[in-house]
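Contents: one structure, followed by commentary.
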Amino acid sequence: MRLAFAGTSAFALPSLEALLASRHAVVGVLTQPDRPQGRGRKVSPSPVKAEALARGLVVWTPERAGDPAFLGELRGAAPDAIAIASYGQLLPQAFLDLPPRGCVNVHPSLVPRYRGASPVEHAILNGDAVTGVSIFRVVLKMDAGPVYARREEPIRPDETAGELEARLAVLGGRLLVEVLDAIEAGSARAEPQDEAAVVRAPKLGKEDGRIDWSQPAARAACRIRAMNPWPCAFAYFRGAHQAGPLRVNLLRAVPAACAAAAAPGTVVAAGKDGLLVAAGDGAVRVTDVQPAGKRPMTAGAFVNGYRVQAGDRFEADAGR
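For my numbering, count along the sequence shown from 1 and bump the result up by 1.
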């Protein structure tokens with residue numbers, strides 16, 4: 002088939018690569034316009050745009066996917082279907098109606114569980130053991146279209162959201178090609194989603210990274226993993242050898258047993274294997290951190306560099 006592809010973030014790259022390696026023809030790529038990115042806020046192309054240009058593909062970057070001039074160009078490219086992965090914009094009916102075989106989307110969850118902008122993060126945040134990817138026909142309502150295929154994938158105990166998303170992106174690219182092959186052959190069947198089973202996965206904000214140490218250790222550890230790489234879990238370190246509170250991003254953690262009785266947020270052990278911080282029950286073993294203004298490091302390196310010792314504290318707020 003002749004396909005147009007719509008995607009923006011790095012999650013979309015394996016899907017684009019899978020399409021280019023398939024028997025289908027990619028007639029053009031739709032992506033978001035160049036935006037300020039990174040600490041320097043330098044205007045840069047999206048990962049998908051950079052890859053598409055490197056492959057010599059036609060690239061469209063309208064501010065709105067429903068722009069009449071763009072829709073005219075898209076209609077001229079005559080795609081049979083449009084494949085979408087992490088495009089980042091709601092698509093109007095005029096866009097959805099354009100390809101005769103419809104628009105299909107790669108979504109990193111088992112819909113209807115985790116409809117929304119942050120499905121991977123919410124799966125880890127809620128302590129799920131399994132998630133996956135879904136391929137569904139796109140309709141006006143977000144992530145609500147009938148499902149062509151789902152594929153389950155286990156969540157590893159110490160896996161971060163970034164690591165899990167990268168694995169799901171590859172799985173999604175493979176499944177996308179399978180579904181498009183079936184659509185071309187006329188054998189694809191899409192089943193309606195169960196609206197009674199919908200679970201939302203709203204977009205995260207920076208405050209979602211604040212760690213409440215009074216929570217059970219498993220929940221705190223899940224939050225730390227779910228917030229990596231963005232917005233990053235954080236706490237304020239107060240140590241015997243520290244002049245004032247130091248904001249520390251917490252990058253990786255697992256729950257751990259702890260026999261010592263200590264207030265939540267208290268360091269109960271510190272060494273080369275990391276930090277053991279008391280939680281509402283048990284403790285959280287933090288293995289990777291990033292102090293403010295520094296590069297990511299192992300918790301063992303943080304212990305040595307900041308002379309962390311038992312009794313030091315990680316607080317939710319700088320002013321406590």
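Beta carbons: idealized from backbone N, C-alpha and C, even for Gly.
Fair warning: this is a prediction, and the values are worked out from it, not measured in the lab.
Can you say whether residue i is buried or exposed, counting buried as having 16 or more other CB atoms within 10 angstroms of its CB?
| i | result |
| --- | --- |
| Gly41 | exposed |
| Pro15 | buried |
| Asp144 | buried |
| Val304 | buried |
| Val27 | buried |
| Gly266 | buried |
| Asp313 | buried |
| Ala124 | buried |
| Lys50 | buried |
| Glu160 | buried |
| Ser188 | exposed |
| Gly29 | buried |
Please state if the CB of residue j and the CB of residue i are separated by a distance shorter than 7 Å.
| i | j | result |
| --- | --- | --- |
| Ala236 | Ala280 | no |
| Ser23 | Val139 | no |
| Gly103 | Ala82 | yes |
| Lys207 | Pro232 | yes |
| Ala227 | Ala311 | no |
| Ala222 | Val255 | yes |
| Leu205 | Arg151 | no |
| Gly275 | Arg286 | yes |
| Pro120 | Ala191 | no |
| Pro246 | Ala170 | no |
| Val180 | Tyr149 | yes |
| Arg3 | Pro101 | no |
| Val60 | Ala53 | yes |
| Ala11 | Pro34 | no |
Which residues bound the alpha helix (DSSP H) around residue i?
| i | result |
| --- | --- |
| Tyr239 | It is worth fixing the name first, because residue 239 is Arg in this sequence and not Tyr. Element bounds for Arg239: not the alpha helix (DSSP H) but the beta strand (DSSP E), Ala234 to Arg239. |
| His222 | Rather than His, the amino acid found at residue 222 in this sequence is Ala. Where Ala222 is concerned, the enclosing alpha helix (DSSP H) stretches over Ala218 to Ala227. |
| Ala300 | Ala300 to Tyr307 |
What residue does the beta strand (DSSP E) around residue i start on, and which one ends it?
| i | result |
| --- | --- |
| Asn250 | Leu247 to Ala257 |
| Phe315 | Arg314 to Glu316 |
| Leu4 | Arg3 to Gly8 |
By how many angstroms is the C-alpha of residue j removed from the C-alpha of residue i?
| i | j | result |
| --- | --- | --- |
| Val269 | Gly301 | 14 Å |
| Leu72 | Glu18 | 24 Å |
| Gly39 | Ala167 | 20 Å |
| Ala234 | Gly133 | 24 Å |
| Arg114 | Ile212 | 25 Å |
| Pro63 | Thr32 | 8 Å |
| Glu1 | Glu154 | Shown here, the chain extends from 2 to 321; a query on residue 1 therefore has no answer. |
| Pro297 | Val290 | 6 Å |
| Gln194 | Val278 | 42 Å |
| Pro69 | Val105 | 21 Å |
| Pro203 | Pro93 | 21 Å |
| Thr299 | Gly306 | 11 Å |
| Glu74 | Ile225 | 44 Å |
Check: Which ranges does the alpha helix (DSSP H) cover as unbroken runs of at least 4 residues, wholly within the stretch 91-132, from first to last along the chain?
Finding: You should have 94-97 and 120-126.
Next item on the list: List in chain order: all unbroken beta strand (DSSP E) runs of 3+ residues lying wholly within the stretch 20-68.
Entry: The qualifying runs are 26-31, 36-38 and 43-45.
Item checked: beta strand (DSSP E) runs contained entirely in the stretch 255-285, provided each spans 3 or more residues -> Segments of the beta strand (DSSP E) lying fully in the stretch 255-285: 268-272 and 275-279.
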